[in-house]
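Protein chains in written order, with this note's numbering: chain V, 184 to 415; chain L, 1460 to 1798.
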Ligand SMILES: [Zn+2]
């Protein structure tokens, strides 16, 4: 069993190789650099270092979003093409779930988040039950302020994880007070090893039709639908 | 002599068609699969880039598989993978580029990045062998160029549009005439029903220039219609379409003929989506009839619009010339043909 995990859904570029029950290689950068240029060389280098040929791969796991539309698409395109052409299964994992996995030993809820500009975040609510990551509130795209209010009403501790901490920390703290727990910067990056672990036993997707989970509609489409709604 | 077969897979995703094709020995089409998105963009009156990118991701492996299946070729048998590197919509290009890189890496196949316009020109090589020096008139939604080629893989742009591409002008005029998207074919059809009796300008630019300009013409159409409306007169849309088309075709034909003579070319190749235009085809055929030493080549419509056979055709030539792209290849939305 050799699994290649790919996450390009945000600034973090993460590649991991898993062999049997070990994470044998991980490559992570958190840079505002072009994924398109760097992902394939990173995969090539890591596989070379780990001594694994593409033909020895048994599964591909990819972070399917939410995140940067272009970023997610790069990872998903590479994952689909490799899985289809090598004839191996593909599993897609929520990019937020990957981040949530970092909070494994936290006793409470976990809210991973990515900045989505104009006060918005991509986020969801997770928790570990008997060592298994469970999704409590579906991944969503909303105002950080609104999200914080929803979490406050749970009256339980919530762990916040994300590289955009400096953007939204204040909002979360002021709504949740002492119930808000902030991850350490060392835990902000979603780890591709976690991605591989989360996806290894997931059922395979239909490779051809597999698509990112953008959460948001294309802006032009949303406007068009709104207009149709008004006219009918 | 026992020549080895050269099998090249082409991948093209620069705009709103997801396409893959397999070409043998640079000239023979074994398959040419295209998934068009035109229906999804229609309601917006133009291509929505983000929507195009989303469709590409959903179609890419289906289309590549289709191309290989139709060709009866397995991935292992491929000698090279050619992909459109640019120009085009960046998000759309990225899907093809990353699929090509993943495929090349996973199976150890050489990768060749290709210029989209070079592809349009090489669509002609799928019909007949190129004879150098040659001239190509490239007309599409995004491009209007005269390209001089001395040999394979050498492209010299001797004239290009300074503002709108011919295809853009067609789409804008079509919108003014309230024709459905995409407007080009509708204008072409209407033009054949009308008389070119509306006086419209022809932008020749400076003496000897091979450049083009269509924005003045587009404005003239809009102003003429507006003024007529103010005076309570009606201009029949078919007459306006015919007059507009005549103006575009006159300039394209005159400059092509003049360049063909000046550069002493053996062949003139028509290329690009607007090459499907009947008015342009007829006008070029007419003019080159009087120049029997120059062979005019006009590809069938399915090779004029975006496809991957043309990308594989250029890729085959570049591959044989030793060109290889590396795994850190990026998409180049504003790529120059000369580079
Ligand atoms: Zn084109």
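Heads up, the beta-carbon is just placed ideally off N, CA and C, and yes, glycines get one too.
Secondary structure of residue i, DSSP reduced to three states
i	result
residue 224(V)	helix
residue 1528(L)	helix
residue 361(V)	helix
residue 203(V)	coil
residue 1696(L)	helix
residue 1727(L)	strand
residue 179(V)	The first residue shown for chain V is 184 and the last is 415, placing residue 179(V) beyond what the model contains.
residue 299(V)	coil
residue 1715(L)	helix
residue 1581(L)	helix
residue 307(V)	strand
residue 1636(L)	coil
residue 331(V)	helix
residue 1520(L)	helix
residue 1460(L)	Residue placement at residue 1460(L) is flagged as unreliable, the pLDDT there being 44, under the threshold of 50; a coordinate-derived value is accordingly withheld.
residue 418(V)	The requested residue 418(V) is not part of the displayed model; chain V covers only 184 to 415.
residue 1574(L)	strand
residue 1680(L)	helix
residue 1556(L)	helix
residue 1488(L)	strand
residue 372(V)	coil
residue 1775(L)	helix
residue 1780(L)	coil
residue 1535(L)	helix
residue 1755(L)	strand
residue 1612(L)	coil
residue 406(V)	helix
residue 379(V)	helix
residue 1801(L)	No statement about residue 1801(L) is possible, as the shown extent of chain L runs from 1460 to 1798 and does not include it.
residue 271(V)	coil
residue 1506(L)	coil
Residues sharing a beta bridge with residue i, DSSP
i	result
residue 1618(L)	1605(L)
residue 315(V)	312(V)
residue 344(V)	295(V)
residue 180(V)	No answer is possible for residue 180(V): the residues shown for chain V start at 184 and end at 415.
residue 257(V)	BP columns for residue 257(V) are empty, so no partner.
residue 1493(L)	1478(L)
residue 190(V)	197(V)
residue 1540(L)	1468(L), 1570(L)
residue 246(V)	276(V)
residue 1702(L)	Paired residue(s): none; residue 1702(L) is not in a bridge.
residue 1595(L)	1606(L), 1728(L)
residue 1671(L)	1620(L)
residue 185(V)	202(V)
residue 1545(L)	1574(L)
Original post:
When Cβ atoms are compared, which residues of the stretch 205-222 of chain V fall closer than 8 Å to chain L?
Top reply: 217, 219, 220, 221, 222
**OP:** Output the residues surrounding ligand 1, defined as those with a CB atom closer than 5 Å to any ligand heavy atom, in chain order.
**Re:** 1599(L), 1765(L)
**OP:** Closer than 9 Å, Cβ to Cβ, to anything on chain V: give me those residues from the stretch 1509-1527 of chain L, in chain order.
**Re:** 1509, 1510, 1512, 1513, 1515, 1516, 1517, 1518, 1519, 1520, 1521, 1523, 1524
Original post:
Going along the stretch 237-269 of chain V in order, which residues come within less than 7 Å of chain L, judged by CB to CB distance?
Top reply: 237, 252, 253, 256, 257, 259, 260, 261, 263, 264, 265, 267, 268, 269
**OP:** Identify each residue in the stretch 365-391 of chain V for which the Cβ-Cβ distance to at least one residue of chain L is less than 8 Å, and report them in chain order.
**Re:** 390, 391
**OP:** Below 7 Å between beta carbons is the criterion; list the residues of the stretch 1557-1568 of chain L that meet it against any residue of chain V, in chain order.
**Re:** 1557, 1558, 1560, 1561, 1562, 1564, 1565, 1566
**OP:** Determine which residues of the stretch 1471-1490 of chain L have a Cβ less than 7 Å from any Cβ of chain V, and write them out in chain order.
**Re:** none
**OP:** Please list the residues of the stretch 1763-1790 of chain L that have a C-beta atom closer than 9 Å to any C-beta atom in chain V, keeping them in chain order.
**Re:** 1785, 1786, 1787, 1788, 1789, 1790
Original post:
Using Cβ-Cβ distances below 8 Å, what residues of the stretch 401-413 of chain V are close to chain L?
Top reply: 401, 402, 403, 404, 407
Original post:
What residues in the stretch 1541-1555 of chain L have a beta carbon less than 7 Å from any beta carbon of chain V?
Top reply: 1550, 1553, 1554
**OP:** Give, in chain order, every residue of the stretch 312-334 of chain V whose Cβ lies closer than 7 Å to some Cβ of chain L.
**Re:** none
**OP:** Check distances from the C-beta atoms of the stretch 1709-1743 of chain L to those of chain V and list, in chain order, the residues that come in under 7 Å.
**Re:** none
**OP:** With 7 Å as the C-beta to C-beta threshold (strictly closer), list the residues of the stretch 1608-1640 of chain L near chain V in chain order.
**Re:** none
**OP:** Select from the stretch 292-312 of chain V all residues with a C-beta closer than 7 Å to any C-beta belonging to chain L, and list them in chain order.
**Re:** none
Original post:
Listed in chain order, which residues of the stretch 221-235 of chain V have Cβ atoms closer than 8 Å to some Cβ of chain L?
Top reply: 221, 222, 223, 224, 226, 227
Original post:
What residues in the stretch 1636-1670 of chain L have a beta carbon less than 9 Å from any beta carbon of chain V?
Top reply: none
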